[in-house]
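Q:
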Amino acid sequence: MTRSGLAVAAGIVLAVSACTSSIDDGAAPAATSGAAASSETPGETGGETTGAAVEPGPAEIDIALEALTSEHGEYAAYATYKAIIDEFGAVQPYTNILGSEQKHIDFLVGYLDGAGAEIPENPWLGEVAAPADLMAAAQAGIDAEIANVAMYDELLAREIADPALVDLLERLRGMSEDRHLPAFEAALANGGVGTAGGMGHGGGNG
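If you read the sequence shown in the working numbering, its first letter stands for residue 31, the second for the next number, and so on.
#1: Counting Cβ pairs closer than 8 Å, one from the segment 139-152 and one from the segment 199-216, do we hit at least three?
#2: Taking the C-alpha atoms as reference points, what is the distance between Glu117 and Glu175?
#3: Is the segment 194-208 in contact with the segment 155-163, if contact means three or more CB pairs nearer than 8 Å?
#4: Buried or exposed for Arg188, going by 16 or more other Cβ atoms inside 10 Å?
#5: Give the secondary structure of Ala37 by DSSP, where H, G and I count as helix, E and B as strand, and everything else as coil.
#6: For the segment 115-195, which segments carrying the alpha helix (DSSP H) assignment without a break, of at least 4 residues, lie completely within its bounds, in sequence order?
#7: Roughly how many whole angstroms lie between the Cα atoms of Lys112 and Leu128?
#8: Give me the Cα-Cα distance between Phe137 and Asp197, rounded to the nearest whole angstrom.
#9: Which residue comes first and which comes last in the alpha helix (DSSP H) that contains Thr225?
#10: My understanding is that Ile135 touches Tyr124, with C-beta atoms under 8 Å, so please give their C-beta distance in whole angstroms.
#11: For chain D, check one thing: does any of its Cβ atoms lie closer than 8 Å to the Cβ of Leu155?
#12: How big is the Cα-Cα spacing for Asp92 and His210?
#13: Determine the direct distance from the alpha carbon of Pro86 to that of Ile172, and round the result to whole angstroms.
#14: Give the range of the alpha helix (DSSP H) segment to which Pro88 is assigned.
#15: Using the three-state DSSP reduction, which class does Glu85 fall into: helix, strand or coil?
#16: Nearest-angstrom Cα distance between Val223 and Val84?
#17: If you count every other CB in all the chains shown that lies within 10 Å of the CB of Gly103, and 16 or more means buried, which is it?
#18: Roughly how many angstroms separate the alpha carbons of Ser100 and Gly146, rounded to a whole number?
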């Protein structure tokens, strides 16, 4: 690898490490780069990316793009929760989780941008219909997060040369399984809306 290639790869690892060590479910950041998102509240994931710097190749770029744009990826999740909010208003836990999904998008976009990949627009916006009511919305959230976790399991089962990407995918998977899914399950048990202690962010509350 050339000296410039090593520098690019090292920069990507540092940027993704800074972003993913601070993934949280608060409001969406104003910027849309992984590096800018590193100012979020640290906490639930912690740790640092390990392994030698690896320059992302076509396989890594394709995997990150799939996590971003596929049927069960972060763009689709964002579009689903935005459709619910557009239909029913600023209802919890959908508003908090929408902000979290924006952060997840930002982390993947930051990785792809660092790899020199072209960033596609969200093809799912305006294409997802809102459920009939908030109970159906909560169930839709459950279904979406289960599918999202399964997507990450499939992506992580592939051969990935870049440890920074593995770390990022594992962290995003954990947020879906450990926070978003319980928040929607609590909402389903509460008439389709969130409870004060289960809004999908902070302190392990879903």
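No residue lacks a Cβ here, since even glycine has one placed at the ideal position from N, Cα and C. Since this is a predicted model, take the numbers as computed values, not measurements.
A: The relevant details are as follows:
#1: No, they do not touch.
#2: Between Glu117 and Glu175, the C-alpha separation is close to 20 Å.
#3: No, they do not touch.
#4: Burial state of Arg188 is exposed, judged by a 10 Å Cβ sphere holding fewer than 16 other Cβ atoms.
#5: The predicted model places Ala37 with a pLDDT of 42, which falls under 50 and marks its position as unreliable; any figure quoted below should be read in that light. Correct three-state label for Ala37: helix.
#6: Listed in chain order, they are 124-144, 164-186.
#7: When only Cα atoms are considered, Lys112 and Leu128 end up about 7 Å apart.
#8: CA-CA distance, Phe137 to Asp197, rounds to 12 Å.
#9: Note, Thr225: premise wrong, no alpha helix (DSSP H); not H, not E.
#10: Going by Cβ atoms, the distance from Ile135 to Tyr124 rounds to 16 Å, so no, they are not a contact pair.
#11: In the structure shown, chain D cannot be found, because there is only a single protein chain.
#12: Approximately 25 Å, taken between the alpha carbons.
#13: Pro86 has its alpha-carbon roughly 32 Å from the corresponding atom of Ile172.
#14: Boundaries of the alpha helix (DSSP H) around Pro88: 88-99.
#15: Looking at Glu85 - three-state DSSP - the assignment turns out to be coil, as it is neither helix nor strand.
#16: Roughly 43 Å between the two C-alpha positions.
#17: By the Cβ-count criterion, Gly103 is buried, with 16 or more other Cβ atoms from all chains shown falling within 10 Å of its own Cβ.
#18: Cα-Cα distance, rounded: 20 Å.
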